[in-house]
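Here is the structure we will look at.
There are 2 protein chains.
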Amino acid sequence: MATQLRTHRAAETAGTEHGTVVTLGGWVARTRDMGGVVFFDLRDASGKVQVVADPDSVPGLEELRMEYCVRVVGELRPRPEGTQNHDLETGLVEVHATELEVLSTSETLPFMIDDRFDVDELTRLQYRYLDFRRDGMASNLRARSHATAAIRAALVAQEFLEVETPTLIASTPEGARDMLVPSRLRQGSFYALPQSPQIFKQLLMVGGIDRYFQFARCYRDEDFRSDRQLEFTQLDLEGAFWGEEDVRATVEVAIVAATQAVRDVTPATPFPVFTWQEVMDRYGIDKPDIRFGMELKNLSTVFDGTAFRGFGAALEGGGVVYGINGGALGLSRKGFDELTETAKSHGAAGLVWAVVEDDGSLRSPVAKFLSDEEQAALKSGLDASVGDTLLVVAGPWRTTVEVLGHLRAQLGTPADPDELAYLWVVDFPVFEETADGGLAPAHHPFTQPHSLEDMKERPAVALSHAYDLVLNGTELGSGSVRIHDSETQSEVFDVLGIAPEEAERRFGWFLQALRFGTPPHAGFAFGMDRLVAILVGATSIRDVIPFPKTQRGVDPLTGSPNPVEPDQLDELGLDLSAATKAALSADDA
Amino acid sequence: MATQLRTHRAAETAGTEHGTVVTLGGWVARTRDMGGVVFFDLRDASGKVQVVADPDSVPGLEELRMEYCVRVVGELRPRPEGTQNHDLETGLVEVHATELEVLSTSETLPFMIDDRFDVDELTRLQYRYLDFRRDGMASNLRARSHATAAIRAALVAQEFLEVETPTLIASTPEGARDMLVPSRLRQGSFYALPQSPQIFKQLLMVGGIDRYFQFARCYRDEDFRSDRQLEFTQLDLEGAFWGEEDVRATVEVAIVAATQAVRDVTPATPFPVFTWQEVMDRYGIDKPDIRFGMELKNLSTVFDGTAFRGFGAALEGGGVVYGINGGALGLSRKGFDELTETAKSHGAAGLVWAVVEDDGSLRSPVAKFLSDEEQAALKSGLDASVGDTLLVVAGPWRTTVEVLGHLRAQLGTPADPDELAYLWVVDFPVFEETADGGLAPAHHPFTQPHSLEDMKERPAVALSHAYDLVLNGTELGSGSVRIHDSETQSEVFDVLGIAPEEAERRFGWFLQALRFGTPPHAGFAFGMDRLVAILVGATSIRDVIPFPKTQRGVDPLTGSPNPVEPDQLDELGLDLSAATKAALSADDA
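In order, the protein sequence lines correspond to chains R and W.
The opening residue of the first sequence carries number 1 in our numbering; numbering runs sequentially from there.
The opening residue of the second sequence carries number 1 in our numbering; numbering runs sequentially from there.
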């Protein structure tokens, strides 16, 4: 270890005086034998620089292959006129090597260390360490680290304490998505990995910690359908004597810091705030992408008393008629049929479409059922111009706006895909409708309602102090004001249909904690994987996770998960179930 | 949420202008009814301030009890002359309350929120949230957060990237201390929780990440004998093109930052560096507490050719004679017998003790066997004064120094218990002796030896590039320079007795990664729990972990680990073993 491994990093050669003798360490990215002189690019974490050497005086040059790891000693000189590369930071210099040491060789690569070559993801994951050498992944990992550091610095400056909560916690019978860890000391018992630090952060508030944050590893036994991972990281925060607006302001500080760190832009604050009712009514979804318009319009009054039964029946049944202006879609009949199928698959009875012809008339299968006044009002209601396609749905409000929300999301495109549109959605309903038409709590039972009376008397419209943060049509995270007195908590359990004995059984030790002078508190959590993925423009969160699992929960690099020896299981007091044994021996056969 | 929950924190009242109307939120710490006027201390995360109120104009005062959570609005006024408390930051002011709101009440407390009252640890853990309100735990959590933030800032400033490695990894048949997580998607297979991110951080180096760190949650299925936890946090770091001295310098930067954050002192750097050989020889242990002397002295030459068989036989057998000067111990015969038992329990054949009498003679059971010259040389070798107790052990070198190391640790006391004595131990042996006299690798098989030839030819004395960081007699962490070329790696496996097929089976995918141009790299990891515990003066790491488990791996607050429903296990393809079922039904009966 006596030899100094390097004096400079590749990128630093750009700002270093010519004539300096530098020692560099890095990888051979490209070699060119120019007859008597060998050129190669040396790449390290900072960038690349060109190395020039004479095979006669520098032994080992001929043996260099792609991705050999080498140490080079040489003099920094300006590149000759005409050979400069102005696209490269170090493109005006080259290192004239006097010494070359191969630190380690490389086998033939499974793929090129160059983002211009597409590589299938399974291969990338199998050789993740080589994938890290490519600009894309290297830059994603840097972005993630910088975003995390920026958020931390911002929260520490606001006197937040970072507190580590346990990841071996109690499992609950309801924890269908809990990942379990068998206990060796207490056989037959299990820890669960946390789906979030929710209860622990509330206990910190009970304990007077005032301002808490943590980048928390969380676990959910997902089916991997929708770009999720078994383990993920969320920025988790909570504050005492803190209200909803305080939470929003602090989360904005964190998000702005991360955005600046990755994108070098500063989003305008405060972020726009929409009520849940408003986003549903205007965008048909609780996580709208507002980088484009195409807003939903309520056309119910336009068709009040209409002769067209498709609309009339819906309105008479207490429903609504809503439409969007899809713009100049230029769809064929087949295209409209497909849109109609989409609408039906999301619960619509049908989809009415109409195209504004050059003469201002409407081309539509239902045009003949609509009066001139209705056609005029439809066009004006949707601010229609010649060539625009209008899409109209009638039915119950929730279904109608959601169907149009899906069509809007499918048809709309932001003018600037790099734009970042952060927004808040607040005042979520306490309950959401279940598939069978009943009501189920939309949030955890510790969420503060706007009004206990509403919860009891008008559950379908009761609101809670729950709020989401949305970016470009993706939900980044959610939070709420928590209930801080045990009387309200009991009443909320009652309205939610949780009997006192059940509450005691499920949450007993937590309810006990609330009885010792709990401060008002509120908090939030957002997913770092998703935030960073959007900020760097990655299509999957796997591109911002160093070692992700595939959608089947497998790591192609290490082969996890894998079978273990029977005696390892036995030491934990466990056995494979009869069904598993049968399935495994069938596989073997 | 319209009411502002607070305008000031309690401690801020000290620097706020008199006459200001403040809104505070916090806990009632102490109430005194002074006949017509009620005083109480309001405590929040920042500190305490005295509140004064008239029960006639402020309703609710009489109902206040300890630890009620309240909101107080009032005017800040100077305390009357003679009632000021100069020990308290806010002791010159009081808040004259005009409004009082009980935010939540408190049941009778299980213990006082006051560190002066001793509370047994089980109760503290069961009501951990109340324990957080006591100064000791609150201050420990702050210290930990500040230490973590300071280390992060120092490493980020040195361009380290924080990279999150997975916690659901491949299990190995050798992973006896692995905690397992059953896979639901691939039944019969398991993830393991990582004992450290070792292999992943080395893969990051292969991937060109250059400088990595992470506060990593790690897991080890410990027996909890020695103040350990199932999950713990280590600062993990690694660098490419990095040597042993670079690692030490960077770790020192991190440690200094943490020490400054918690203790407000700056340890002198560089920390002293000892070879393993030297600390063993001088302190009889590889993690010495050097805050006191009492160093071991080699007395072998003193007793060369002695007539005393206890020493002579050892020397003739190739052993050594070492001693320490225990200082003025004033032990009785019984005390010496106990020391002798201790020495024997650590492997010594016996312990020779001698006390320097007022006349300079030695009082010792063996004095009569020692010549005058030997007695004089013994005293001079141990720098003895009147009243000192000398302890001498003879036998094989390793046993002898370790026995004296134990006695030294038991008898020695630092003059200043607050002193922090950081040091490095380097050049550990490649192999350590096993109980049966064989040799076993002392570190993981990726550790770079000083010399392959030594490893092969002189294994008992071969050294490795492995190093430890020690603080006050505790090992904080360890690291090494790693092997970076696959040829050396193969040879090392060979010397370690790992056959190529076994290496392939155990480490195949990792060895494959090393074959693609691995840079020289080195790293380190140290335990945050232990560092912070020593910095705050805690006797157990549990006092710096927010929600620790007991020594039986149990959380008395949440009851984890706990049984789960049979169908939860079944969904994972698992069953309790027959033995576990039998044990559980025996418990039920």
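A virtual CB, placed ideally from N, CA and C, is assigned to each residue, including glycine.
**OP:** Go ahead and pull the three-state DSSP assignment for V461 (chain W).
**Re:** Along the second sequence, read from residue 1 onward, the residue named residue 461 (chain W) stands at position 461. Three-state result, V461 (chain W): helix.
Original post:
Within 7 Å (strictly less), CB to CB, does P561 (chain R) reach chain W?
Top reply: Translated into positions along the first sequence, residue 561 (chain R) becomes position 561. Yes, contact with chain W.
Original post:
Does the pairing of the segment 113-124 of chain W with the segment 517-534 of chain R give three or more beta-carbon distances under 8 Å?
Top reply: no
Subject >> Residue from R:G395, R:D289, R:W353 whose Cα sits closest to the Cα of A313 (chain R) >> reply: In the first sequence, residue 313 (chain R) corresponds to position 313, counting from 1. Closest option to A313 (chain R), Cα to Cα, is R:G395.
Original post:
Would you say R309 (chain R) reaches chain W, if we count a Cβ-Cβ gap shorter than 7 Å as a contact?
Top reply: In the first sequence, the residue the question calls residue 309 (chain R) occupies position 309. For R309 (chain R), the answer is no, since every Cβ of chain W falls outside 7 Å of its Cβ.
Original post:
Taking Cβ-Cβ distances shorter than 8 Å, what residues in chain W pair up with R6 (chain R)?
Top reply: Here the question's residue 6 (chain R) lines up with position 6 in the first sequence. Neighbours of R6 (chain R) on chain W, chain order: F241.
Original post:
Which whole-angstrom value is the C-beta distance of V454 (chain R) and A462 (chain R), which I expect to be below 8 Å?
Top reply: The residue labelled residue 454 (chain R) in the question sits at position 454 within the first sequence. The residue labelled residue 462 (chain R) in the question sits at position 462 within the first sequence. The sequence given here places Asp at residue 454 (chain R); Val does not occur at that position. At roughly 4 Å, the Cβ-Cβ gap stays under 8 Å, so D454 (chain R) and A462 (chain R) are in contact.
Subject >> Nearest neighbour of R398 (chain R), chosen from R:L296, R:A328, R:A240 [CA to CA] >> reply: Taking the first sequence and counting its residues from 1, the one referred to as residue 398 (chain R) is at position 398. Out of R:L296, R:A328, R:A240, R:L296 has the C-alpha closest to the C-alpha of R398 (chain R).
**OP:** Starting from the beta carbon of Q277 (chain W), find every residue of chain R whose beta carbon is closer than 9 Å, and list them in chain order.
**Re:** Along the second sequence, read from residue 1 onward, the residue named residue 277 (chain W) stands at position 277. Those within 9 Å of Q277 (chain W) in chain R number zero; the least Cβ separation is about 18 Å.
Original post:
Got a sec: is the Cβ-Cβ distance from M179 (chain W) to anything in chain R below 7 Å?
Top reply: Walking along the second sequence from the start, residue 179 (chain W) turns up at place 179. For M179 (chain W), the answer is yes, since a Cβ of chain R falls inside 7 Å of its Cβ.
**OP:** Give a yes or no on whether the minimum CB-CB distance between I483 (chain R) and chain W is below 7 Å.
**Re:** If you number the first sequence from 1, residue 483 (chain R) lands on position 483. False, the Cβ-Cβ gap to chain W never drops below 7 Å.
Subject >> Inter-stretch contact (C-beta, 8 Å, three-pair minimum) for the segment 121-132 of chain R and the segment 89-104 of chain R >> reply: no
Subject >> Assumed close pair V58 (chain W), T98 (chain W) - CB separation to whole angstroms, cut-off 8 Å >> reply: Numbered from 1 along the second sequence, position 58 holds the residue referred to as residue 58 (chain W). Numbered from 1 along the second sequence, position 98 holds the residue referred to as residue 98 (chain W). Confirmed, about 7 Å.
Original post:
For G326 (chain R) versus L237 (chain R), is the C-beta distance shorter than 7 Å?
Top reply: Against the first sequence, residue 326 (chain R) aligns to sequence position 326. Against the first sequence, residue 237 (chain R) aligns to sequence position 237. It is not a contact, given that the beta carbons lie outside the stated cut-off.
**OP:** Report the three-state DSSP secondary structure of A2 (chain R) (helix, strand or coil).
**Re:** For the purposes of this step, residue 2 (chain R) is identified with residue 2 of the first sequence, where counting begins at 1. Residue placement at A2 (chain R) is poorly supported in this model, since its pLDDT is 46, which falls under 50; the coordinates still yield a value, given next. A2 (chain R) falls in the coil class under three-state DSSP.
**OP:** Tell me D44 (chain R)'s beta-bridge partners as DSSP assigns them.
**Re:** Here the question's residue 44 (chain R) lines up with position 44 in the first sequence. Paired residues: R:G47.
Original post:
Taking the continuous beta strand (DSSP E) assigned at I324 (chain W), which residues delimit it?
Top reply: Locating residue 324 (chain W) in the second sequence gives position 324, where the first residue counts as 1. Where I324 (chain W) is concerned, the enclosing beta strand (DSSP E) stretches over 320-327.
Original post:
Where DSSP assigns a beta bridge to L452 (chain W), which residues make up the other side?
Top reply: Within the second sequence, the letter at position 452 stands for residue 452 (chain W). Per DSSP, none; premise fails for L452 (chain W).
**OP:** Since I believe L193 (chain W) is in contact with T167 (chain W) (beta carbons under 8 Å), could you give me their beta-carbon distance rounded to a whole number of angstroms?
**Re:** Here residue 167 (chain W) refers to the residue found at position 167 when the second sequence is read from its first residue. Here residue 193 (chain W) refers to the residue found at position 193 when the second sequence is read from its first residue. Sure, about 6 Å apart at Cβ, within 8 Å.
Subject >> Sub-7 Å separation of A257 (chain W) and A138 (chain W) beta-carbons >> reply: Here residue 257 (chain W) corresponds to residue number 257 of the second sequence, with the count starting at 1. Here residue 138 (chain W) corresponds to residue number 138 of the second sequence, with the count starting at 1. Cβ distance not < 7 Å, so A257 (chain W) and A138 (chain W) don't count as in contact.
Original post:
Using the beta-carbon count (16 or more within 10 Å), is A503 (chain W) buried or exposed?
Top reply: Your numbering for residue 503 (chain W) matches position 503 in the second sequence. It counts as buried.
**OP:** Helix, strand or coil for D33 (chain R), going by three-state DSSP, please let me know.
**Re:** Taking the first residue of the first sequence as 1, we reach residue 33 (chain R) at position 33. Note: D33 (chain R) maps to strand in three-state DSSP.
**OP:** For chain R, find out if any of its Cβ atoms is closer than 7 Å to the Cβ of Q187 (chain W); answer yes or no.
**Re:** Numbered from 1 along the second sequence, position 187 holds the residue referred to as residue 187 (chain W). Yes, its Cβ sits closer than 7 Å to a Cβ of chain R.
**OP:** List the residues of chain W that F190 (chain R) touches, going by C-beta distances under 9 Å, in chain order.
**Re:** Residue mapping note: residue 190 (chain R) aligns to position 190 of the first sequence, counting from 1. By Cβ distance, chain W contributes S560, P561, N562, P563, V564, Q568, L569.
**OP:** Check whether the Cβ atoms of G438 (chain W) and L382 (chain W) sit closer than 7 Å, and answer yes or no.
**Re:** For this step, residue 438 (chain W) is matched to residue 438 along the second sequence. For this step, residue 382 (chain W) is matched to residue 382 along the second sequence. No, the pair does not count as a contact, with Cβ atoms beyond the cut-off.
Subject >> Cα-Cα separation, E433 (chain W) to V470 (chain W) >> reply: Position 433 of the second sequence holds residue 433 (chain W). Position 470 of the second sequence holds residue 470 (chain W). Cα to Cα, E433 (chain W) sits roughly 22 Å from V470 (chain W).
**OP:** Would you identify the three-state DSSP class for N298 (chain W), choosing helix, strand or coil?
**Re:** Counted from its first residue, the second sequence places residue 298 (chain W) at position 298. DSSP places N298 (chain W) in strand when its eight states are reduced to three.
**OP:** With DSSP as the reference, label Q158 (chain R) as helix, strand or coil.
**Re:** Against the first sequence, residue 158 (chain R) aligns to sequence position 158. If DSSP states are grouped into helix, strand and coil, Q158 (chain R) belongs with coil.
Original post:
Going along the chain, which residues of its own chain have a beta-carbon closer than 6 Å to the beta-carbon of S332 (chain W), five neighbours each way excluded?
Top reply: Residue 332 (chain W) sits at position 332 when you count from the first residue of the second sequence. If we look at S332 (chain W) and ignore the five residues flanking it on each side, it has no Cβ neighbours.
Original post:
When DSSP builds the beta bridges, which residues end up paired with N562 (chain R)?
Top reply: On the first sequence, position 562 is the one that residue 562 (chain R) refers to. DSSP lists W:F190 as partners of N562 (chain R).
Subject >> Inter-stretch contact (C-beta, 8 Å, three-pair minimum) for the segment 557-577 of chain R and the segment 561-578 of chain W >> reply: yes
**OP:** Below 9 Å between beta carbons is the criterion; list the residues of the segment 511-542 of chain W that meet it against any residue of chain R, in chain order.
**Re:** Q512, A513, L514, R515, F516, G517, T518, P519, P520, A522, M528
Original post:
Pick from R:L76, R:E374, R:P546: whose alpha carbon is nearest that of D304 (chain R)?
Top reply: Numbered from its first residue, the first sequence carries residue 304 (chain R) at position 304. The shortest Cα separation from D304 (chain R) among R:L76, R:E374, R:P546 belongs to R:E374.
Original post:
In its own chain, which residues sit with a C-beta less than 6 Å from the C-beta of R9 (chain W), not counting the 5 before and 5 after it?
Top reply: As a working note, residue 9 (chain W) is residue 9 in the second sequence. Here the set comprises D44, S46.
**OP:** Would you list the residues sitting across from G239 (chain R) in a DSSP beta bridge?
**Re:** Counting from one through the first sequence, the residue named residue 239 (chain R) turns up at place 239. R:R211, R:A522, per the DSSP bridge assignment.
Subject >> Near-chain C residues of the segment 56-77 of chain W - C-beta to any C-beta below 7 Å >> reply: Reference to chain C is not applicable here, since the protein chains of this structure are R and W.
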